[in-house]
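Heads up, the thing below is written out as structure tokens.
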Amino acid sequence: MLGICRGRRKFLAASLTVLFVPAITWIYLFAGSFEDGKPVSLSPLESQPHSPRYTASSQRERESLEVRMREVEEENRVLRKQLSLAQSRSPSHHHGNHSKTYSMEEGTGDSESLRAGIVAGNSSECGQQPAVEKCETIHVAIVCAGYNASRDVVTLVKSVLFHRRNPLHFHLIADAIAKQILATLFQTWMVPAVRIDFYDADELKSEVSWIPNKHYSGIYGLMKLVLTKTLPSNLERVIVLDTDITFATDIAELWAVFHKFKGQQVLGLVENQSDWYLGNLWKNHRPWPALGRGYNTGVILLLLDKLRKMKWEQMWRLTAERELMSMLSTSLADQDIFNAVIKQNPFLVYQLPCFWNVQLSDHTRSEQCYRDVSDLKVIHWNSPKKLRVKNKHVEFFRNLYLTFLEYDGNLLRRELFGCPSEADVNSENLQKQLSELDEDDLCYEFRRERFTVHRTHLYFLHYEYEPASDNTDVTLVAQLSMDRLQMLEAICKHWEGPISLALYLSDAEAQQFLRYAQGSEVLMSRHNVGYHIVYKEGQFYPVNLLRNVAMKHISTPYMFLSDIDFLPMYGLYEYLRKSVIQLDLANTKKALIVPAFETLRYRLSFPKSKAELLSMLDMGTLFTFRYHVWTKGHAPTNFAKWRTATTPYRVEWEADFEPYVVVRKDCPEYDRRFVGFGWNKVAHIMELDAQEYEFTVLPNAYMIHMPHAPSFDITKFRSNKQYRICLKTLKEEFQQDMSRHYGFAALKYLTAENNS
Numbered sequence: 001m002l003g004i005c006r007g008r009r010k011f012l013a014a015s016l017t018v019l020f021v022p023a024i025t026w027i028y029l030f031a032g033s034f035e036d037g038k039p040v041s042l043s044p045l046e047s048q049p050h051s052p053r054y055t056a057s058s059q060r061e062r063e064s065l066e067v068r069m070r071e072v073e074e075e076n077r078v079l080r081k082q083l084s085l086a087q088s089r090s091p092s093h094h095h096g097n098h099s100k101t102y103s104m105e106e107g108t109g110d111s112e113s114l115r116a117g118i119v120a121g122n123s124s125e126c127g128q129q130p131a132v133e134k135c136e137t138i139h140v141a142i143v144c145a146g147y148n149a150s151r152d153v154v155t156l157v158k159s160v161l162f163h164r165r166n167p168l169h170f171h172l173i174a175d176a177i178a179k180q181i182l183a184t185l186f187q188t189w190m191v192p193a194v195r196i197d198f199y200d201a202d203e204l205k206s207e208v209s210w211i212p213n214k215h216y217s218g219i220y221g222l223m224k225l226v227l228t229k230t231l232p233s234n235l236e237r238v239i240v241l242d243t244d245i246t247f248a249t250d251i252a253e254l255w256a257v258f259h260k261f262k263g264q265q266v267l268g269l270v271e272n273q274s275d276w277y278l279g280n281l282w283k284n285h286r287p288w289p290a291l292g293r294g295y296n297t298g299v300i301l302l303l304l305d306k307l308r309k310m311k312w313e314q315m316w317r318l319t320a321e322r323e324l325m326s327m328l329s330t331s332l333a334d335q336d337i338f339n340a341v342i343k344q345n346p347f348l349v350y351q352l353p354c355f356w357n358v359q360l361s362d363h364t365r366s367e368q369c370y371r372d373v374s375d376l377k378v379i380h381w382n383s384p385k386k387l388r389v390k391n392k393h394v395e396f397f398r399n400l401y402l403t404f405l406e407y408d409g410n411l412l413r414r415e416l417f418g419c420p421s422e423a424d425v426n427s428e429n430l431q432k433q434l435s436e437l438d439e440d441d442l443c444y445e446f447r448r449e450r451f452t453v454h455r456t457h458l459y460f461l462h463y464e465y466e467p468a469s470d471n472t473d474v475t476l477v478a479q480l481s482m483d484r485l486q487m488l489e490a491i492c493k494h495w496e497g498p499i500s501l502a503l504y505l506s507d508a509e510a511q512q513f514l515r516y517a518q519g520s521e522v523l524m525s526r527h528n529v530g531y532h533i534v535y536k537e538g539q540f541y542p543v544n545l546l547r548n549v550a551m552k553h554i555s556t557p558y559m560f561l562s563d564i565d566f567l568p569m570y571g572l573y574e575y576l577r578k579s580v581i582q583l584d585l586a587n588t589k590k591a592l593i594v595p596a597f598e599t600l601r602y603r604l605s606f607p608k609s610k611a612e613l614l615s616m617l618d619m620g621t622l623f624t625f626r627y628h629v630w631t632k633g634h635a636p637t638n639f640a641k642w643r644t645a646t647t648p649y650r651v652e653w654e655a656d657f658e659p660y661v662v663v664r665k666d667c668p669e670y671d672r673r674f675v676g677f678g679w680n681k682v683a684h685i686m687e688l689d690a691q692e693y694e695f696t697v698l699p700n701a702y703m704i705h706m707p708h709a710p711s712f713d714i715t716k717f718r719s720n721k722q723y724r725i726c727l728k729t730l731k732e733e734f735q736q737d738m739s740r741h742y743g744f745a746a747l748k749y750l751t752a753e754n755n756s
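FYI, in my numbering the residues of the sequence shown are 1 to 756.
Below, the structure is given as structure tokens:
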């Protein structure tokens, strides 16, 4: 396409030159033939030396014009030759043109030429613009704070990565929450040729906290004002974006617009597309001062080096102080102050074509920014209503946004061929580990899963919880996939304490979960549930990775290691907190066992006491967990003793034991080699025993497994012989590793396995 555009440009330029240069030249000559409003003859007869009108100066002018005419004719000859060559080239020639640089759209520096460009159409494929080098790094700054904004940033970054052909360097001004979420996300995303730097937004609060702000973005909505001070002093230019931006083109096109800045232009902005700054929205509406309609700061091009030389910090501070004397507060955060500065110093602005910031708030003029889909560059959801905003084409924009929202982020891990990238230690270690595996091994896929790095988005929803000050608090830890989502509300009703959940979902399923959670009164009323999304990759369910993710992100000293298809007894949270003190879990290596039962009924009147549970057990409504399928898994709990026990009692480890336990948060992680179905909990309990944990059964605690359809992984285990062979191989290798790590004490695991 770019090759075609270059050909068309040359063709058009040559055609216009051939047509207009001779005409302009003859007009110039004809105009030069008038003196004092009368025609001056250029005929030889009238220009003889004896003519009274003849002068030495007019002779020199005529000779100069004749020389210029010959030059123009020569230029025309060359242009005609170029034109004939351009016409003779076939379209296929242009399709094969793959240049290392690519052209960008023609920007405008004033409102008149901008309006003319809009009328003519915004398509920029064939515009003339200085090229962006193939491997030139594009710098992008984003201010991000909190859980919701972190989700928005991911969608923005996806849209940028989808179109990009250049290395990217994101500068994220983030609070502690956003930094934790996004640092983990990008670390596990492992996108080539992308660098991330974080800047502490909380440290910048003092720079802008003196400015009263009514905007919903709060204090973080003012932090773009201090970017010249925050970003590295050697960074010369940066594109600044709001989190509610979606790109529909390569960001390099916008980066190329920096080359069009002239003179003292240091800010690239799009005109505001609402009537806000015109001051006529309602009676007594009094906006901050602005130039005309003002400018929107959702997309900003900042020439940082020049801004620093202009003393930008002092400039905006003085302006804000003066205006706040009468305005009292900002209504649109940093945008009000940017506009007040521009009102006084209009020379600072390079006005971008409005398709670089199509603003989708209510009652805007955004429809004037595009005539076709190809015209769209950047969509800005700058209304508090976001996707519910009123717009003639909102359905199209919404679908475009949802495309990136649900797009598989793993597909964006593509290399930029020909561009050197910074050495990534994690990526290099991963490649080394994978290279050591034998691809001809029948269990290769199982082994590979152990090293797969899954993209992880922590705290997908708002989380707010302070652990109890008595150091007895317990977090329920579990993992799930989309087919167990219906269990969440029931668990929240049974367990009032904090919960840490790892959800194995695709990007599209993550959005389905978000809509489900936001539509649930039960889930939305709970702020002590941490939802951590681990994105799908590979063919196995990484059950132990999910457990490790959920375990790692708890804020309490103890955790109850459960599964999503179990409902804890009512009051278990408080009972466990008392047991932690009673059994001195803080100073001893204990694993407190919560006995597990099951029902085959989808509708169950949940027992409210141990006595009621025993009655249901006797009637056959309940059973000890997996007694008819896998007795060994829970037999060591000694259910016969539990029936009459009134105090905690100790049990010994046995082969294949896999109880649900309460442990300190510093207990060992689950072994990642076990994926899908089989031995994932067994291996963990074995390691606890190897580390000399004491297994203690709680006499008045219980949990009940609820029925559900078999998982995909258990179906594969039952039907696939190779699956079972590989699981047996992994078990043997795990036991050998245990022997190497724990020595003589671990021999009992090999003996127990042989005897079972």
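Think of the CB as a built atom: it goes at the ideal place given N, C-alpha and C, for glycine as much as any other residue.
Predicted, not measured: the structure shown is a model, and the values here were computed from it.
Ignore the nearest five residues each way along the sequence and tell me which others in residue i's own chain have a CB closer than 7 angstroms to its CB.
i    : result
R643 : L614
V664 : In the sequence on display, residue 664 carries Arg and not Val. Hits under 7 angstroms: P557, Y558, L585.
Assign residue i to one of three DSSP states: helix, strand, or coil.
i    : result
Y570 : coil
D197 : strand
E694 : strand
V394 : helix
R664 : strand
Q759 : The structure shown does not extend to residue 759, since the chain spans only 1 to 756, so no value can be given for it.
V522 : helix
Y702 : coil
L352 : strand
A478 : strand
Q775 : With the chain running from 1 to 756 in the structure shown, residue 775 is simply not present.
F454 : Note on identity: in this sequence residue 454 is His, with Phe being the wrong assignment. Coil at H454, not helix or strand.
R773 : No statement about residue 773 is possible, as the shown extent of the chain runs from 1 to 756 and does not include it.
R650 : strand
Q273 : coil
H741 : helix
S88  : Residue confidence for S88 is low, a pLDDT of 44 falling below 50, so the modelled location carries little weight; the figure read from the coordinates is stated next. Three-state result, S88: helix.
Given residue i, which residues of its chain have a CB within under 8 angstroms of its CB, disregarding the five upstream and five downstream residues?
i    : result
N296 : L269, V270, E271, N272, Q273, Q335, N357, Q359, H380, N382
S209 : I219
Y370 : N122, F355, V358, L376
I27  : Confidence at I27 is low in this model, with a pLDDT of 43, below 50, so its placement is unreliable and no value can be given for it.
In terms of residue numbering, what span does the beta strand (DSSP E) encompassing residue i cover?
i    : result
R237 : 237-241
V534 : 529-535
L328 : Run containing L328: none; DSSP gives neither H nor E here.
F560 : 558-561
A502 : 499-505
CB-CB under 6 angstroms to residue i, same chain, minus the five flanking residues each way: which ones, in chain order?
i    : result
D242 : G298
A23  : Low local confidence applies: a pLDDT of 49 at A23 is under 50, so the model's placement there is unreliable, with the coordinate-based value given in what follows. Correct list: empty, nothing qualifies.
Y693 : K589, A591
G294 : N272, Y277, N339
S506 : K536
W189 : R455
F170 : V140, I196
Which stretch, first to last residue, makes up the alpha helix (DSSP H) that contains residue i?
i    : result
L545 : 543-552
A490 : 487-494
R718 : 712-719
V341 : 334-344
R447 : 444-449
Under the assumption that residue i contacts residue j (Cβ atoms under 8 angstroms), give the Cβ distance between them as a whole number of angstroms.
i    : j    : result
V140 : V266 : Contact doesn't hold; Cβ gap of about 18 angstroms is too wide.
V543 : V675 : 6 angstroms
V240 : L204 : Not really, about 14 angstroms apart at Cβ, beyond 8 angstroms.
M706 : L567 : 6 angstroms
Y444 : H494 : Not a contact, Cβ separation roughly 41 angstroms.
Q479 : L400 : Contact doesn't hold; Cβ gap of about 33 angstroms is too wide.
N656 : V697 : Residue 656 is actually Asp in this sequence, not Asn. That pair is no contact at about 17 angstroms.
- Item | Whole runs of the beta strand (DSSP E) within the region 399-439, excluding any shorter than 3 residues | none
- At what residue ranges does the region 196-270 contain a whole run of the alpha helix (DSSP H), taking only runs of 4 or more? 201-208, 227-230, 251-255
- Item | Complete beta strand (DSSP E) runs within the region 295-325 (minimum length 3 residues, chain order) | 295-303
- Runs of beta strand (DSSP E) lying entirely within the region 117-187, each at least 3 residues, in chain order: 138-144, 168-174
- beta strand (DSSP E) runs contained entirely in the region 565-635, provided each spans 3 or more residues: 566-568, 590-594, 596-598
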